[in-house]
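A quick write-up on the structure given underneath.
Structure follows, in structure tokens:
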């Protein structure tokens, strides 16, 4: 069969040309793709495919075009000479294209892995960034919260009215708040408490052992009443509670103590108890005095009646005089008891207390040997006249001054001062001496009727009881502070015109 | 790895003996004309297989759901057909006992069919027009790449805008 070769030639030439053109156009596109993302492995792969296809297209199409032109030009021998080279290159290019293509699956897998890793890295980076930012915020927030918390607890520690103390198990004080310093009579800015021992401040150092024993067994100790000794030797009663805690810094167990100063409360309780006791005694005394007072009056009356008919030189007269004297003494005691029980009548007037004190001092100086005793007056000039029973207040002041004179002995120092108390604005009269002081065991009984430390016959033990009754009858108070060997101070408070009710 | 002295000396001795006492042997094989044809046919088959595998993996990875890669798949399929076509033409060209092709003049060829089947002659003639397969294959490759470029360009633009 003879056929036209024109279609074959035409398609061969045009097809070869188009192959070259299209392969290079493809190459250009892949170049652009690679330009967009040079790290994209797929674009690199397509680049190599297109490079191989271009080489294939060029080698094959060039061979075909050359073959056709040489054959048309009658140069068959020449074509025969270069034909093997063209065919070999063409074959080689097939293999290259095929080989490159065969890597598609592997390249795609690697690309997916790269993408996955890249996404994981980006995700991790984002997470890290987010976490980092959050961490900064969180750390800042926590730091602020810690600072606020630290400030809050530091404030509680510093402004607490109770003593807060941190101590080691051996009693070494680790930390103490300002109230603690005050309670121990120390200055928080000047004195160093660290490394001092709790035992140093306990009146009974042995009580520390029982505290530690309780803390070690129960991990805490509650409401233990103890006597504290301040640096100046003053004893103060305290209520101690504490619990064991781990020391964050030293990993050692420490004890946190909360110490309440109950001295004032205790004193008030004792004063109330004393007042109750004295009130009871007063009631009893009042009853007894009333019952005795009338028979004494009858005895005195009849005695005086019998005395009128007796010769003053007779023995009978002398006996009746003795009876009269003792009856009068008994009546004086009864009067005192009535004063103590606040049953005696009062005659109050507006008087200048300073004038009253001066008169008392003049009276005492005339009746006592006080040449070697210094009596100092320290009056507050702003004290106004106040409503008092002159006779009874003088009796109180005489009692206090005479007691002070007895306390200092032949030589000493007595101070009488007046002042207005803050904020009650009551008058305070203090009688202070530097005498031998009063034993603590006697302080509770000092206002009891018939209590005296003097020898029999030297005193009835009614002076301070009567004074107590008189001052109470005036709506005031009487206190005593004393240290053996350091003197005694009696304080009398009386309501002034400003503090008295209008009626 | 450091060689053991005894092993090293044995190896060196053997190498020296091989070089110094070498005899001429028929170590190289001569390659006649048919080998070129076989290699070329094998290359076609290899090209075909590679395109087949590309088509397979494109389907496997669901890349054919994207237009660009779909065109590349079409390109691969056309190249497969082109390889079959080209290998078949080469086969018929080189087996003169089936077809006898004689160039009559510049514009005519004579195709002789020893079997007497004209269909083979017509088929051979059509198969000689193999550029009708490989050129569209290249077109599809071009369009595929162009579509991918456009898609990635848009995606990059969207990313930049966002």
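Chains as they are written, first to last, in the working numbering: chain A, 496 to 998; chain B, 123 to 284. Quick reminder that beta carbons are idealized off the backbone N, C-alpha and C, glycines included.
Under 7 Å between C-beta atoms of residue i and residue j
{"i": "residue 549(A)", "j": "residue 588(A)", "result": "no"}
{"i": "residue 988(A)", "j": "residue 972(A)", "result": "yes"}
{"i": "residue 822(A)", "j": "residue 846(A)", "result": "no"}
{"i": "residue 738(A)", "j": "residue 715(A)", "result": "yes"}
{"i": "residue 888(A)", "j": "residue 924(A)", "result": "no"}
{"i": "residue 244(B)", "j": "residue 500(A)", "result": "no"}
{"i": "residue 734(A)", "j": "residue 720(A)", "result": "yes"}
{"i": "residue 190(B)", "j": "residue 134(B)", "result": "no"}
{"i": "residue 616(A)", "j": "residue 257(B)", "result": "no"}
{"i": "residue 910(A)", "j": "residue 871(A)", "result": "yes"}
{"i": "residue 874(A)", "j": "residue 913(A)", "result": "yes"}
{"i": "residue 727(A)", "j": "residue 680(A)", "result": "yes"}
{"i": "residue 752(A)", "j": "residue 660(A)", "result": "yes"}
{"i": "residue 651(A)", "j": "residue 671(A)", "result": "no"}
{"i": "residue 791(A)", "j": "residue 802(A)", "result": "no"}
{"i": "residue 725(A)", "j": "residue 881(A)", "result": "no"}
{"i": "residue 773(A)", "j": "residue 942(A)", "result": "yes"}
{"i": "residue 592(A)", "j": "residue 551(A)", "result": "yes"}
{"i": "residue 586(A)", "j": "residue 165(B)", "result": "yes"}
{"i": "residue 271(B)", "j": "residue 524(A)", "result": "yes"}
{"i": "residue 841(A)", "j": "residue 884(A)", "result": "yes"}
Residue interval of the alpha helix (DSSP H) (run including residue i)
{"i": "residue 587(A)", "result": "571 to 597"}
{"i": "residue 730(A)", "result": "Careful: residue 730(A) lies outside any alpha helix (DSSP H), inside the beta strand (DSSP E) at 730 to 741."}
{"i": "residue 655(A)", "result": "It is not in any alpha helix (DSSP H) - residue 655(A) carries neither H nor E in the DSSP assignment."}
{"i": "residue 713(A)", "result": "702 to 713"}
{"i": "residue 243(B)", "result": "240 to 249"}
{"i": "residue 810(A)", "result": "810 to 835"}
{"i": "residue 184(B)", "result": "Counting along the chain, residue 184(B) falls outside any alpha helix (DSSP H), and DSSP gives it neither H nor E."}
{"i": "residue 552(A)", "result": "536 to 567"}
{"i": "residue 931(A)", "result": "That residue, residue 931(A), is in no alpha helix (DSSP H); it is neither H nor E in DSSP."}
Strand pairing of residue i, partner residues [DSSP]
{"i": "residue 907(A)", "result": "868(A)"}
{"i": "residue 488(A)", "result": "Absent from the structure is residue 488(A), since the part of chain A shown begins at 496 and ends at 998."}
{"i": "residue 97(B)", "result": "With chain B running from 123 to 284 in the structure shown, residue 97(B) is simply not present."}
{"i": "residue 873(A)", "result": "912(A)"}
{"i": "residue 1002(A)", "result": "Outside the displayed range of chain A (496 to 998) lies residue 1002(A), so it cannot be described from this structure."}
{"i": "residue 675(A)", "result": "Looking at the DSSP assignment, residue 675(A) forms no beta bridge with any residue, so it has no partner."}
{"i": "residue 977(A)", "result": "983(A)"}
{"i": "residue 988(A)", "result": "923(A) and 972(A)"}
{"i": "residue 163(B)", "result": "Partner(s): none; residue 163(B) has no beta bridge."}
{"i": "residue 843(A)", "result": "884(A)"}
{"i": "residue 475(A)", "result": "Because chain A in this structure spans residues 496 to 998, residue 475(A) falls outside the shown range and cannot be described."}
{"i": "residue 211(B)", "result": "Answer is none; residue 211(B) lacks a bridge partner."}
{"i": "residue 230(B)", "result": "499(A)"}
Start and end residues, beta strand (DSSP E) containing residue i
{"i": "residue 763(A)", "result": "First-last for residue 763(A): 758 to 803, but that is the alpha helix (DSSP H), not the beta strand (DSSP E)."}
{"i": "residue 500(A)", "result": "Looking at the DSSP string, residue 500(A) is not in any beta strand (DSSP E), and its letter there is neither H nor E."}
{"i": "residue 884(A)", "result": "881 to 884"}
{"i": "residue 928(A)", "result": "922 to 928"}
Assigned exposure category for residue i - 16 Cβ within 10 Å defines buried
{"i": "residue 718(A)", "result": "exposed"}
{"i": "residue 124(B)", "result": "With a pLDDT of only 45 at residue 124(B), under 50, the local geometry of the prediction cannot be trusted, and the value read off the model is given with reservation. Exposed, since its Cβ has fewer than 16 Cβ neighbours within 10 Å."}
{"i": "residue 502(A)", "result": "exposed"}
{"i": "residue 283(B)", "result": "Since pLDDT at residue 283(B) reaches only 44, below the 50 mark, its modelled position is unreliable, and the value read off the structure follows with that caveat. So residue 283(B) ends up on the exposed side."}
{"i": "residue 621(A)", "result": "exposed"}
{"i": "residue 227(B)", "result": "exposed"}
{"i": "residue 948(A)", "result": "exposed"}
{"i": "residue 927(A)", "result": "buried"}
{"i": "residue 575(A)", "result": "exposed"}
{"i": "residue 520(A)", "result": "buried"}
{"i": "residue 997(A)", "result": "Its pLDDT being 48, under 50, residue 997(A) is placed unreliably in this model, and the coordinates cannot settle the point."}
{"i": "residue 172(B)", "result": "buried"}
{"i": "residue 556(A)", "result": "buried"}
{"i": "residue 205(B)", "result": "buried"}
{"i": "residue 658(A)", "result": "buried"}
{"i": "residue 979(A)", "result": "exposed"}
{"i": "residue 631(A)", "result": "exposed"}
{"i": "residue 138(B)", "result": "exposed"}
{"i": "residue 903(A)", "result": "buried"}
{"i": "residue 507(A)", "result": "buried"}
Any non-hydrogen atom of the ligand GTP closer than 6 Å to residue i Cβ
{"i": "residue 579(A)", "result": "Among the ligands in the structure shown, none appear at all, so the ligand GTP cannot be discussed."}
message: Closer than 8 Å is the cut-off here; do at least three beta carbon pairs connect the region 230 to 244 of chain B with the region 196 to 213 of chain B?
response: As far as the Cβ criterion goes, the region 230 to 244 of chain B does not touch the region 196 to 213 of chain B, which means the pair count is below three.
query: Are there three or more Cβ pairs, one per stretch, closer than 8 Å when the region 171 to 179 of chain B is compared with the region 594 to 606 of chain A?
result: Taking 8 Å as the limit for Cβ pairs, the verdict is that the region 594 to 606 of chain A does touch the region 171 to 179 of chain B.
query: Are at least three pairs of beta-carbons, each pair with one atom in the region 535 to 545 of chain A and one in the region 570 to 583 of chain A, less than 8 Å apart?
result: In short, these stretches do not touch, since the Cβ pair count stays below three.
task: Evaluate the contact criterion for the region 829 to 836 of chain A versus the region 952 to 969 of chain A: three or more CB pairs, one atom per stretch, below 8 Å.
output: Between the region 829 to 836 of chain A and the region 952 to 969 of chain A there are three or more C-beta pairs closer than 8 Å, enough to call the two in contact.
query: Taking one C-beta from the region 692 to 706 of chain A and one from the region 774 to 790 of chain A each time, how about it: are there three or more such pairs within less than 8 Å?
result: Contact fails: fewer than three Cβ-Cβ distances are below 8 Å.
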